[in-house]
Amino acid sequence: MGTATVMLVGDDVYEDLFGAGVELQAMLADEGLATRVRIGAGSLREPASASGPHAPDDVIALYRAAGELDDDARRGLERAVAGGAGLLAVHSTAYLEDDALVPVIGARYLDHGPRPHESRFAVGLAPHPVTEGVEPFELEHEHYRLAVEPGVDVLAWRDAPYGREPLVTAHAYGRGRVCYLQFGHDLRAWGSTEVRRLVTNAARWLAQPARTAAEAAPTTRPIDAEDTDRP
Numbered sequence: 171m172g173t174a175t176v177m178l179v180g181d182d183v184y185e186d187l188f189g190a191g192v193e194l195q196a197m198l199a200d201e202g203l204a205t206r207v208r209i210g211a212g213s214l215r216e217p218a219s220a221s222g223p224h225a226p227d228d229v230i231a232l233y234r235a236a237g238e239l240d241d242d243a244r245r246g247l248e249r250a251v252a253g254g255a256g257l258l259a260v261h262s263t264a265y266l267e268d269d270a271l272v273p274v275i276g277a278r279y280l281d282h283g284p285r286p287h288e289s290r291f292a293v294g295l296a297p298h299p300v301t302e303g304v305e306p307f308e309l310e311h312e313h314y315r316l317a318v319e320p321g322v323d324v325l326a327w328r329d330a331p332y333g334r335e336p337l338v339t340a341h342a343y344g345r346g347r348v349c350y351l352q353f354g355h356d357l358r359a360w361g362s363t364e365v366r367r368l369v370t371n372a373a374r375w376l377a378q379p380a381r382t383a384a385e386a387a388p389t390t391r392p393i394d395a396e397d398t399d400r401p
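Residue numbering for the sequence shown follows my numbering, starting at 171 and increasing by one per position.
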């Protein structure tokens, strides 16, 4: 059985952070991942080893809301994903104070776009393992306008007044895979069968490291020897 950690950073003043933690843990566990929930990013500061309390996870689901990752935690996240861990970055995790994690997450929050900042919209889908079996659907949700990094695939979108707005993205980072999910502002998202299917599909895809030369992507800095010891 693989392992996963749902990592909640910050507070739920603006987002339903802890409600999302409960739902994400249940969905990842349903995919056969032994899943725990951690409050804060402290475990990222310790280099992962093959065994012990900081053994590497197959999947990290990171939901960050109104809280920053310090430099050690950011380096730890980069190291984990580059080494082969899958990263599911949820909703406001893309709200970044600087550029340090943009290449890892693959998408960055710009703003909410023009008002209204929330509406009901149709979700378009592109073929990918993350979207397999997901039917086109509608959802009422908060809007984000995103900047997406070159080489990142847009898997789901909505048609906004200013153009097509990405909702779900995927890419490889080092030996790891990353999926950004814009959904998750509140429990309405987790009540959607199709959103839940996106999460479980993503968990299955993320749990397999990017092993082929065609898929594995270079990182933006040299990876230390300790970063590459993941089998």
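All C-beta atoms in this analysis are idealised placements derived from N, C-alpha and C, irrespective of residue type, glycine included.
It should be emphasised that the depicted structure is a prediction, and the values quoted were computed from it without experimental measurement.
Within 10 angstroms of the beta-carbon of S289 lie fewer than 16 other beta-carbons, which makes it exposed. In chain order, V176, G191 and Q195 place their CB closer than 6 angstroms to the CB of V207, counting only its own chain and leaving out the 5 sequence neighbours on each side. Here R334 is exposed. Its C-beta has fewer than 16 other C-beta atoms within 10 Å. For the alpha helix (DSSP H) assignment, the uninterrupted runs of no fewer than 4 residues enclosed by the region 189-259 are, from N- to C-terminal side, 241-252.
In the three-state reduction of the DSSP assignment, T175 falls in the strand class, which pools E and B.
Closest in C-alpha terms to R315, from the list V300, G344 and H261, comes H261. Looking at the DSSP output, F307 bridges to V293. For P331, there is no enclosing alpha helix (DSSP H), as DSSP marks it with neither H nor E. Distances from the alpha-carbon of V318 to those of G202, I275 and P306 put I275 closest.
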